[in-house]
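Q: Questions regarding the structure given below will be posed in turn.
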Amino acid sequence: MEKYKEYSISRRVMLAGVGAGLAAAFGGAAASTLPKKDITDCRGRRVALGAANRIACIGGAITETLYDLGAQNRIVAVDTTSTWPPEALQTKKSLGYMRTISVEGVLSLQPDLVLSLNDAGPATAIDQLIASPVPVVMVASKPTPDTILDRTRFLADVVQCQKEGSVLCQSIEKGFQTLSDWRAKLPAEKTRVIFVMSMQNGRPMVAGTGTAADSMIALTGCINAAGTMQGYKTLNDEALIPQAPQVVLLMEQSGAHIQAEMLKSAAFKQTPAGKNARFVQMEGGRMLGFGPRTPQTAFELAQKINASLHPA
92 MEKYKEYSIS RRVMLAGVGA GLAAAFGGAA ASTLPKKDIT DCRGRRVALG AANRIACIGG
152 AITETLYDLG AQNRIVAVDT TSTWPPEALQ TKKSLGYMRT ISVEGVLSLQ PDLVLSLNDA
212 GPATAIDQLI ASPVPVVMVA SKPTPDTILD RTRFLADVVQ CQKEGSVLCQ SIEKGFQTLS
272 DWRAKLPAEK TRVIFVMSMQ NGRPMVAGTG TAADSMIALT GCINAAGTMQ GYKTLNDEAL
332 IPQAPQVVLL MEQSGAHIQA EMLKSAAFKQ TPAGKNARFV QMEGGRMLGF GPRTPQTAFE
392 LAQKINASLH PA
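To convert, count from 1 in the sequence shown and add 91; that's my numbering.
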């Protein structure tokens, strides 16, 4: 269960009033239906569910999972991290970015259920949604294989697609087993990979431990060259050189710009990755989203990294 911040009773009362007012202003779709069942979300909250025919999804992994479960027709809105399948962003209402959610924007669509990854925000907006009459279910977001499987079962239970959830979990487990078998054949010495999120004043912002990028690098059978750091940090030249990355991992959305900037760096050119201009790119949502496609994504990424080290 993921930790979350405790709030005082007075704050809860205040947020309840705000949420109720917003829901009343925008129709409060969930208030008119009797709950079909109760569930316990990742914060330990008991939530009474209604019909769940107008679902707002905050988090690409949630959207992707509901599509795989065959519940896409019950989704009315998604956030901008819901890049898969592409039709989600093309055909559903937009809630904006998952970490800048607007309470009014969500409630104006009159959802009868809000499903949100636990790291969505801002915290005040999530609190106001929780305080509203609309059922809000917080969903685990830790980037691990176990979380993906547990979340798939959980969401299948929420939307009452347990049979489809079982089949999907079997597929995910099979994918992770294939990945594990492939990793077992890798050399004992692991490839040092660094993930660069962006450039800040000519310096790379890289992913340390506790990030989705760190977890993805581990799934590929490689080692995070920035693994001695926690979270995302901007590196100066003196810090970058000793990390000695052999491959730089980038998101396709920003890869070309970052690659060009890094190749201008004299410090980067002293690293194995810089000397050989080794960069691997992949679409950001797919690489860092940790949804049902993650086993296949990690396998493909591992093969790309291997190919960059041993070009034909």
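Ideal placement from N, C-alpha and C gives every residue a C-beta, glycine not left out.
So L208 and K184 are supposed to be a Cβ contact under 8 angstroms. How far apart are they, rounded?
A: Position 117 of the sequence shown holds residue 208. Position 93 of the sequence shown holds residue 184. With a Cβ gap of about 18 angstroms, L208 and K184 do not count as contacting.
Q: With DSSP as the reference, label K265 as helix, strand or coil.
A: Counted from its first residue, the sequence shown places residue 265 at position 174. DSSP places K265 in helix when its eight states are reduced to three.
Q: Shortest alpha-carbon distance to G322 belongs to which of D305, L310 and P333?
A: As a first step, residue 322 must be located in the sequence shown, where it is residue number 231. Closest by alpha carbon: D305.
Q: Quick check for students: name the residue ranges of the alpha helix (DSSP H) that lie wholly in the segment 157 to 204, counting only runs of 4 or more.
A: Counting only unbroken stretches of 4 or more residues, the alpha helix (DSSP H) elements lying wholly within the segment 157 to 204 are 177 to 182 and 194 to 198, in sequence order.
Q: Name, in chain order, the residues that DSSP records as bridge partners for I285.
A: What you label residue 285 is simply residue 194 of the sequence shown in a count that begins at 1. Within the DSSP secondary-structure output, I285 pairs in a beta bridge with V339.
Q: In the structure shown, what three-state DSSP assignment does F426 receive?
A: Because the chain here runs from 92 to 403, residue 426 falls outside it and cannot be looked at.
Q: With a 10 Å radius around its C-beta and 16 neighbouring C-beta atoms as the bar for buried, classify Y158 as buried or exposed.
A: The residue given as residue 158 occupies position 67 in the sequence shown. Under this definition Y158 is a buried residue.
Q: So, at 6 angstroms on beta carbons, what are the nonlocal neighbours of T154 in its own chain, with the 5 sequence-adjacent residues on each side left out?
A: Translated into the one-based positions of the sequence shown, residue 154 becomes position 63. Hits under 6 angstroms: C148, V169, S173 and A179.
Q: By Cβ distance, which residues of its chain are closer than 6 angstroms to G187, with the 5 residues on each side in sequence left out?
A: Reading the sequence shown from its first residue, position 96 is the one you call residue 187. None.
Q: With C-beta atoms as the reference, is I192 less than 8 angstroms away from A216?
A: As a position in the sequence shown, residue 192 is number 101, starting the count at 1. As a position in the sequence shown, residue 216 is number 125, starting the count at 1. Their beta carbons are under 8 angstroms apart, which means I192 touches A216 by this criterion.
Q: Once you ignore the five residues that flank G256 on each side, which residues in its own chain have a CB closer than 8 angstroms to its CB?
A: Numbered from 1 along the sequence shown, position 165 holds the residue referred to as residue 256. Cβ neighbours of G256 beyond the five flanking positions: L160, T243, R244, L246, A247 and D248.
Q: Within the same chain, show all residues whose beta-carbon is closer than 6 angstroms to that of T238, passing over the 5 residues directly before and after it, in chain order.
A: Here the question's residue 238 lines up with position 147 in the sequence shown. Around T238: A231.
Q: Measure from the alpha carbon of V194 to the alpha carbon of each residue in W175, T182 and S223, then state which is nearest.
A: Along the sequence shown, read from residue 1 onward, the residue named residue 194 stands at position 103. For the residues W175, T182 and S223, the minimum Cα distance to V194 belongs to S223.
Q: Residues in its own chain within less than 7 angstroms of I221 by CB, not counting five upstream and five downstream?
A: Taking the first residue of the sequence shown as 1, we reach residue 221 at position 130. Here the set comprises V227.
Q: Name the residue from S271, L240, K395 and A317 whose alpha carbon lies nearest to the alpha carbon of F381.
A: Within the sequence shown, numbered from 1, the residue matching residue 381 stands at position 290. For F381, the nearest C-alpha among the options comes from L240.
Q: Using the Cα positions of A134 and A368, report the straight-line distance between them to the nearest angstrom.
A: For the purposes of this step, residue 134 is taken as the residue at position 43 of the sequence shown. For the purposes of this step, residue 368 is taken as the residue at position 277 of the sequence shown. One point to set straight first is that residue 134 is Arg, not Ala, in the sequence displayed. Rounded to whole angstroms, R134 to A368 spans 44 angstroms at the Cα level.
Q: Could you pull out every residue in the same chain whose Cβ sits closer than 7 angstroms to the Cβ of C252, ignoring the five residues on either side in sequence?
A: Your numbering for residue 252 matches position 161 in the sequence shown. Excluding residues within five positions, the ones whose Cβ falls inside 7 angstroms are L160, G161 and A162.
Q: Grab the span of the alpha helix (DSSP H) containing V249 for me, first residue to last.
A: To locate residue 249, count along the sequence shown from 1; it is residue 158. P236 to V249 is the extent of the alpha helix (DSSP H) around V249.
Q: Can you name, in chain order, every residue of its own chain whose Cβ lies under 6 angstroms from the Cβ of K281, other than the five neighbours on each side?
A: For the purposes of this step, residue 281 is taken as the residue at position 190 of the sequence shown. Counting only Cβ-Cβ distances below 6 angstroms, and skipping sequence neighbours, we find C313 and I314.
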